[in-house]
Each structure stands twice: as structure tokens, then as C-alpha cells.
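The working numbering numbers the first residue of the sequence shown as -14 and each following residue consecutively.
We put the beta carbon where it would ideally sit given N, CA and C, even for glycine.
The structure under discussion appears below in the form of C-alpha cells.
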Amino acid sequence: MAFNGSFESNMFLIEMIVFVVVPIIMYSITSIRTKLWGVLTASILVVAGVIFNRMNVVFTGMSSAMGGHYFPSVWEWLITIGMWSFLVLFYCFVVENFPIMAKEEHAHGTGASYGTGFQA
């Protein structure tokens, strides 16, 4: 059914190719995976793929199967955005106030030769 040419199958194929196969290929190529832009791009594609999947399920899968049309109201959008915003703020609060990520120690004035890894 993925290749029957219907709207649902085309949306599924777009989801799988763009948001699953492309990031897998990007993560498998060493020259992309070692650069910040490559990891950021692939990660954004994965997150966008999760969002695209949820929209595919609701808008193309369930609504057409039920015989109607559905689009979220303004209040549904605002509540969803508010919940995600709260989660981001909560994450920032936890990372800033609890020892989640290790802090880097910087040596000042030790006479170390930075860049070579050897001390003077």
C-alpha cells in the first residue's frame, strides 16, 4: 500500500525518505557526522520527522478514514505550544541549577602551550 500512489502513501514515502533515510545517510558519512552543521541538520530533520509523522497520522490518516476534515482550533495550538514551551523552560532550569552537565575547568596562567598539548 506504500506504493499505490494515493495521497496517504505519498505522504508516507516523503516521511520515510526525507526524515528517516536522509538522516541515516548523513549520520553514516564521516565527513558530515564530524561537523556541527551536519549533526545539526540531521537532528533537525529527525525532530521535524517526528512532527511530520504526528501530522500525517492525524491529518492524512485518521481524518480521511473517518470521512471528515479536521484542523486544530486556535486554543489547541496555544495549549500545545504552551506545553512545549514549559518543557523547554523546565529543561533549562534543571540544567542550570543541577549538576547535569560537567563544567569545564580552564587553566589560567599555567604556562601551558595551548594548541600543541605540551606544557612549556
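Residue closest to residue i, alpha-carbon to alpha-carbon, out of the options
i, options, result
"N41", "F56, L63 and S28", "F56"
"I29", "F44, T45, T15 and V7", "V7"
"L(-2)", "I14, S58, L21 and F37", "F37"
C-alpha distance - residue i paired with residue j, whole-angstrom precision
i, j, result
"N(-5)", "H54", "19 Å"
"I17", "I85", "28 Å"
"I9", "V31", "9 Å"
"V24", "Y12", "7 Å"
"A50", "W62", "23 Å"
"W22", "I14", "13 Å"
"R39", "V73", "20 Å"
Exposure label - residue i; buried when at least 16 CB within 10 Å
i, result
"G(-10)", "exposed"
"G67", "exposed"
Integer Cβ distance of residue i from residue j, believed to fall under 8 Å
i, j, result
"F4", "A33", "6 Å"
"T45", "E(-7)", "5 Å"
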